[in-house]
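See below for the structure under consideration.
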Amino acid sequence: MTAMALRLSDRLRGFFDAADGAEGELAADPLLDVVHQYPEEAAWFIKVVMFFGSISGVIISIPCGVFLTMYWAPCGQCNRPLRYWILVHCVLQLLQAPVRLVFFLRLCHVQSLNNNIQECVRQLTHSAAWRTSKVVSIITYGWFILGIVWLLNSTYCKPCPGLYRLSLAVIFAAVARLLMTLIVFYHSFPPRFQGQGLPPKPRGANQELIDSMPLIVYSQEMRGEETSCAVCLSDFDRDAVLRRLPCGHSFHRGCIDKWLKRNKVCPLCLQDIEVQSPKTSKVKKAI
Amino acid sequence: MPTDFRRVKKELQECAKDEALTGVSARLKNEDDLTQLEGKIKGPQGTSYEGGVFKVDIEIPDSYPFEPPKMKFSTKIWHPNVSSQTGAICLDILKDKWSPALTLKTALLSLQALLSAPEPTDPQDAQVAEQYLKEREKFEQTAAFWTSSYASESSSDEIVERLCGMGFGKDQVLEALDATDGDENAALEKLLG
Chain A
-9 MTAMALRLSD RLRGFFDAAD GAEGELAADP LLDVVHQYPE EAAWFIKVVM FFGSISGVII
51 SIPCGVFLTM YWAPCGQCNR PLRYWILVHC VLQLLQAPVR LVFFLRLCHV QSLNNNIQEC
111 VRQLTHSAAW RTSKVVSIIT YGWFILGIVW LLNSTYCKPC PGLYRLSLAV IFAAVARLLM
171 TLIVFYHSFP PRFQGQGLPP KPRGANQELI DSMPLIVYSQ EMRGEETSCA VCLSDFDRDA
231 VLRRLPCGHS FHRGCIDKWL KRNKVCPLCL QDIEVQSPKT SKVKKAI
Chain B
192 MPTDFRRVKK ELQECAKDEA LTGVSARLKN EDDLTQLEGK IKGPQGTSYE GGVFKVDIEI
252 PDSYPFEPPK MKFSTKIWHP NVSSQTGAIC LDILKDKWSP ALTLKTALLS LQALLSAPEP
312 TDPQDAQVAE QYLKEREKFE QTAAFWTSSY ASESSSDEIV ERLCGMGFGK DQVLEALDAT
372 DGDENAALEK LLG
C-alpha cells in the first residue's frame, strides 16, 4: 500500500519535472527570457497570476456547479446549450487549478530557500504538466469565444432565466481576470522592460527606407574605408555589394539590411539613419 | 534565422589572441555546441575584485549577432549591477543598446569595465546598490570577501600538488585535470572513479 502511494507520488512529481530530453527547446520559451532578465519580478508576477488563477477557477466553479445541479433539466429547453458551456468551462478551470497551485507552491518554496528561480521556472515550463496546462488554456480560450457567440445569439429563456445571467457573469469574471493579469504585469516589471519587450518601440526601418540607402560595389581602390563588414566580421570580397549609410559606414547589404529592420542605427557609430545631418557625421569622423 | 556560427568561431579565435593582455576569455562549454559558452573575466586591479576570476555564462541566441548574447555571472559576485543571487547583469549594451558591431570580447570587456565602475543609479541588486552608496567601506569589504571566497582560482600547480598528495600519480592527475578543464573537484571525482 505504502509502496503504491510512493510510486504514485513519484509519478506525480515527474509530471511536474522537466523531461530530460527537453533541453533543446530551452531558448524557445519567452517566459524564461523574462525570468532570465528579471528573476525577482518575474517570480512575483507568476506567483500572483498562478495563485489567483487557481483560486478564481475554484470560486467561479462552485456557484456554477450548484446552479447547474438545481436547474439542469429546465435549462435544457433554452435555445442555446449554455448549460453545457458553463459545465465545460468549469471543468476546464478546475483542471487548471491544481497545476497552477503546484506552480505557485513550488515558486514559494524555491524563494524561501533562496534557490535559483530561473532553474525552477525552467523545470516547470518543460514539464508535461505545463505543456498539458498550455493545451487546456488554448481549449479554454476557444471555448470562451464559443460561449460569447452562443450568449449573443441566445434569446430570453423562460424556463430558466438564471442561465443567461450566470453565463454573462462567468464571461465577465474571465475578462476581469485577464485585465487583472495585465495590470499585475505592468506593476511587476520596471518600465524599461515594458518599453523594450512587449510593445516594441518602432526602432526598425521599413524596406523603403532601407532601399533609399545607396548600394556600392566594393573594390580595393576604395581607400580609407572599412575593408570588412562589422556585422559578420568577414573581409569584403572583390565586387561585394555593400550598402552605405548616411554616416559613411558600409556593410554587406544582406548583413546591414537585417540589422536595420530591427534597429535603424549604424552599428558602428549608432547614428540614426533617418537623421540626415552631414555636419554631425563629419564632426564625429573628425573626433 | 540560423545563428551566424562562422562569426562565433571567428570571435572565439579573436578572443584567444590577446587573452593574456585583456584579462577576458571565452570558450565553448562543449566542443560541438556553439551556443553555450563560458567567459572568464579577471577582476580589475585596484578594485575589490582584484585577484578574482569571474565566470560568465554566455548563451548565443538564434538571431545573434542581431540580438545580444545572453550573459550572466555564474561566479557569485557582490556588485550593484549584478544580482547577488542569480548573477543577472544590468548593462545597457546587453539589452537595448546592443549593436552587431559589438562582439563577445567587447561585451566581456564592458563587463570588466563595469566591475571597475559600478553604476549604482541603475542597479540590478537594490540591496548591494544601497550599501555601495551608503556604506562604501562595508561594500568594499563584502565585495573583497566574496571575491576571495568564490572567485579565487588556485593556481593549477597547487591543485596538482594537492591531488598528488592524496596519493594519485602525477600523470593520472594531469590527465584528469585536462579532461575536467582544471576543475579540482571534478578531477578528484574522476580520479576516484
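As you go down the protein sequences, you meet chains A and B in turn. Heads up: the first sequence begins at -9 in my numbering, then just goes up one per residue. Heads up: the second sequence begins at 192 in my numbering, then just goes up one per residue. We put the beta carbon where it would ideally sit given N, CA and C, even for glycine.
- The segment 197 to 209 of chain A makes contact with the segment 222 to 239 of chain A: 3 or more CB pairs, one atom from each, lie closer than 8 Å.
- Chain-order list of chain A residues neighbouring B/F257: K248, W249 and R252, by C-beta distance under 7 Å.
- In the DSSP assignment, A/Q101 falls within the alpha helix (DSSP H) that extends over L72 to S102.
- Counting along the chain, B/S339 sits inside the alpha helix (DSSP H) bounded by residues R327 to Y341.
- A/E31 and A/Q113 have their C-alpha atoms spaced approximately 18 Å apart.
- Between B/S265 and chain A, the shortest Cβ-Cβ separation is not below 8 Å.
- Residue pairing for A/H177: DSSP places it in no beta bridge.
- The alpha-carbon separation between A/V111 and B/K329 amounts to approximately 34 Å.
- Note: B/L219 is bridge-paired with B/L228 in the DSSP secondary-structure output.
- When B/N272, B/F336 and B/Q227 are compared, the shortest CA-CA separation from B/A308 is found for B/N272.
- About 7 Å separates the beta carbons of A/Q86 and A/G43, which is inside the 8 Å limit, making them a contact pair.
- Cβ atoms of A/C259 and A/H242 stay farther apart than 8 Å, at about 17 Å.
- Secondary structure of B/K233 (DSSP, three-state): strand.
- For A/N106, the nearest CB of chain B lies under 8 Å from its own CB, placing it at the interface with that chain.
- In this chain, the alpha helix (DSSP H) harbouring B/R197 covers F196 to K208.
- Residue pairing by DSSP puts A/L205 in a beta bridge opposite A/R233.
- A/A63 and A/L95 have their alpha carbons spaced roughly 40 Å apart.
- In the structure shown, A/D262 adopts extended strand secondary structure according to DSSP, grouped into three states.
- When only Cα atoms are considered, A/L158 and B/A334 end up about 58 Å apart.
- By the neighbour-count definition (other C-beta atoms within 10 Å, threshold 16), A/M60 is an exposed residue.
- For B/Q303, the closest C-alpha among the options B/Y240, B/T277, B/I249 and B/E222 is that of B/Y240.
- Looking at the DSSP output, A/V48 bridges to nothing.
- Look at B/A279 here: in three-state DSSP terms it is strand.
- What A/L260 touches in chain B, judged by beta-carbon distance under 7 Å, is S290, going in chain order.
- Put simply, the backbone Cα of B/G214 is about 20 Å away from that of B/G278.
- For B/K325, not one C-beta of chain A is nearer than 8 Å to its own C-beta.
- By the Cβ rule, the segment 250 to 258 of chain A does not count as touching the segment 205 to 225 of chain B, because fewer than three pairs are nearer than 8 Å.
- Pairing B/T266 with B/V247, the inter-Cα distance amounts to about 7 Å.
- Interface with chain A (8 Å Cβ-Cβ cutoff): B/T277 is included.
- Taking 9 Å as the cut-off between beta carbons, the residues of the segment 208 to 226 of chain A near chain B are A220, V221, C222, L223 and S224, in sequence order.
- Under a criterion of Cβ atoms nearer than 8 Å, the residues of chain A adjacent to B/D195 are, in order, C222.
- Interface criterion not met: the Cβ of B/K231 is under 8 Å from no Cβ in chain A.
- DSSP places B/K246 in the strand class (E or B) of the three-state scheme.
- Taking 9 Å as the cut-off between beta carbons, the residues of the segment 195 to 215 of chain B near chain A are D195, R197, R198, K201, E202 and E205, in sequence order.
- Of all alpha-carbon atoms in A/P71, A/Y176, A/W140 and A/S51, the one lying nearest the alpha-carbon of A/L82 is that of A/S51.
- According to the DSSP assignment, B/K288 belongs to no alpha helix (DSSP H), since it is labelled neither H nor E.
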